Amino acid sequence: MSNRSTSAMQFPIQKTAEEWQAHLAAQQAEPAAYAVTRQAATERPFTGRFNQHWQAGQYHCICCGAALFTSETKFDAGCGWPSFTQALPQAIAERADRSHGMVRVETLCSQCGAHLGHVFPDGPAPTGLRYCMNSAALAFTDSASDGASDSATSPNTSA
Ligand SMILES: [Zn+2]
6 MSNRSTSAMQ FPIQKTAEEW QAHLAAQQAE PAAYAVTRQA ATERPFTGRF
56 NQHWQAGQYH CICCGAALFT SETKFDAGCG WPSFTQALPQ AIAERADRSH
106 GMVRVETLCS QCGAHLGHVF PDGPAPTGLR YCMNSAALAF TDSASDGASD
156 SATSPNTSA
């Protein structure tokens with residue numbers, strides 16, 4: 006019995022490369038989204054749309070829409086990537102990443118296996134964790150806009 010976790014991880018949502026590319030295009034994902042989520046690339050620091058983004062709401066997986074983080078757990082780590090101290094329960098799968106001569110903990114969407122970023126043990130209290138995410142792997146929903154904003158109901162019909 007070795008404890009190599011080769012490709013033992015199975016995710017409920019499976020798509021082909023072409024399907025993911027088409028899906029991400031339909032989501033208006035950032036150009037880097039496919040390389041980040043499906044090929045474990047890292048976007049350049051200080052370039053992502055959520056690095057300095059402080060609206061109240063929820064962050065989702067750009068690939069499958071699963072909720073991953075809430076804005077209350079986001080903090081400014083100064084590293085150039087959106088950082089969170091805590092993930093939503095069961096949202097994130099972890100895997101040892103020994104690339105680039107380092108041992109890091111890779112984080113993946115537990116539903117579709119999208120590469121999101123890494124988690125480091127140098128975050129603030131109470132968890133002491135820093136989920137260092139790629140903006141390109143995330144989608145955001147504003148907590149204020151849960152109802153569809155339809156203002157198309159004829160406002161000025163008084164004579
Ligand atoms: Zn996902």
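For the sequence shown, my numbering assigns the number 6 to the initial residue and increments by one for each residue that follows. Glycine included, each C-beta is placed from N, C-alpha and C at the ideal position. For clarity, every value in this text was computed on a predicted model and none was experimentally measured.
For E48, the secondary structure class from DSSP, reduced to helix, strand or coil, is coil.
Q63 is bridged by DSSP to T75 and T146. In the three-state reduction of the DSSP assignment, L29 falls in the helix class. By the Cβ rule, the region 35-44 counts as touching the region 130-142, because three or more pairs are nearer than 8 Å. DSSP places R135 inside the beta strand (DSSP E), whose first and last residues are R135 to M138.
For D127, there is no enclosing beta strand (DSSP E), as DSSP gives it neither H nor E. At least one heavy atom of ligand 1 falls within 8 Å of the beta-carbon of Q116. The C-beta of G122 has 16 or more other C-beta atoms within 10 Å across all chains shown, which makes the residue buried. G85 carries a coil assignment under DSSP once its states are collapsed to helix, strand and coil. Counting only the Cα atoms, C114 lies some 17 Å from Q26. The DSSP-derived three-state label of T112 is strand. Leaving aside the five residues that flank K79 on each side, the residues in its chain whose CB is nearer than 6 Å to its CB run, in chain order, F89. When secondary structure is reduced to three states using DSSP, H58 falls in the coil class, being assigned neither helix nor strand. By the neighbour-count definition (other C-beta atoms within 10 Å, threshold 16), T21 is an exposed residue. Between the alpha carbons of R103 and A46 lies a distance of about 14 Å. For T132, the CB contacts under 6 Å within the same chain, skipping 5 residues up- and downstream, are T90 and Q91 in chain order.
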